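Number of protein chains: 2
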Amino acid sequence: EADLTLFRCENGVEAALQYAKMWCRYAKDLLAWMEKRISLEQEFAKNVMKTAEGAKITVAQQELMPLQYIYTMALEQDIKNSVTSRRTNELLQSRCYQALA
Amino acid sequence: EADLTLFRCENGVEAALQYAKMWCRYAKDLLAWMEKRISLEQEFAKNVMKTAEGAKITVAQQELMPLQYIYTMALEQDIKNSVTSRRTNELLQSRCYQALA
Chain D
381 EADLTLFRCE NGVEAALQYA KMWCRYAKDL LAWMEKRISL EQEFAKNVMK
431 TAEGAKITVA QQELMPLQYI YTMALEQDIK NSVTSRRTNE LLQSRCYQAL
481 A
Chain B
381 EADLTLFRCE NGVEAALQYA KMWCRYAKDL LAWMEKRISL EQEFAKNVMK
431 TAEGAKITVA QQELMPLQYI YTMALEQDIK NSVTSRRTNE LLQSRCYQAL
481 A
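So this is what it looks like as structure tokens:
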């Protein structure tokens, strides 16, 4: 029905093509944002994990230090969260970004 | 009491000094991790905000696009979250890191 209306209008085909072009650019802009957003999350998770793993080794090397168990737990939580975050973002990458790209 | 026990031991003073030195290194390692962790959060928040602001401008320039309102809301939420995150990390920096450093 919309097709017919457009077809009857003056410049209807041109208007439809113009809209399709704009839609395309809009989708491309959104995909660029999505890709950037996912890569920021991945990079952040990777860096947090690397930092936590380094700190965990350093903390474990020492003995009988105050709050050592608490800090080790916090570092392990950082590592666990980063693993979850990376997995989630891989899913987003394959299910959302790649599905739309 | 612990002071007296150490004082009476052979090498008690040396042991105490040794422990103090190890404690110092442990604190320094933890502070280095804390500083790195805070700076990662700050950098991530800054990048997410910058990306969202860029995408928001691009999305706003176009008209009558599908899900435009939803994407604008998501981008604004990203910006709001980043502002909150930066403020929280500034607090952590001044109250935790600088207080211990």
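Protein chains in written order, with my numbering: chain D, 381 to 481; chain B, 381 to 481.
Backbone N, C-alpha and C fix where the C-beta goes; we use that ideal spot for every residue, glycine too.
Everything numeric in this text was worked out from a predicted model, so none of it was measured.
In this structure valine 428 (chain B) touches leucine 420 (chain D) by the C-beta definition: roughly 6 Å separates them, less than 8 Å. Within the region 441-457 of chain B, Gln442, Met445, Tyr451 place their CB atoms closer than 7 Å to a CB of chain D, listed in sequence order.
The beta-carbon of aspartate 409 (chain D) is placed less than 7 Å from the nearest beta-carbon of chain B. The C-beta distance from asparagine 469 (chain B) to glutamine 422 (chain B) rounds to 5 Å, short enough to fall under 8 Å. For the region 404-438 of chain D, the set of positions with a beta-carbon nearer than 7 Å to some beta-carbon of chain B reads Tyr406, Asp409, Leu410, Trp413, Lys416, Arg417, Leu420, Phe424, Asn427, Val428, Thr431, Ala435, Thr438 in chain order. Pairing valine 393 (chain D) with leucine 384 (chain D), the inter-Cα distance amounts to about 10 Å.
Between the beta-carbon of leucine 410 (chain D) and that of tyrosine 451 (chain B) there is about 6 Å, and that keeps the pair under the 8 Å contact cut.
Its Cα nearest to that of arginine 475 (chain B), the residue B:Glu415 stands out among B:Pro446, B:Glu415, B:Phe387.
For glutamine 473 (chain D) and isoleucine 418 (chain B), the gap between their C-alpha atoms comes out near 27 Å. The C-alpha of glutamine 442 (chain B) is placed about 8 Å away from the C-alpha of methionine 402 (chain D).
Residue state for asparagine 391 (chain D) is assigned as coil, using DSSP reduced to three classes. In terms of CA proximity to lysine 436 (chain B), B:Ala454 leads the group B:Phe387, B:Gln478, B:Ala454.
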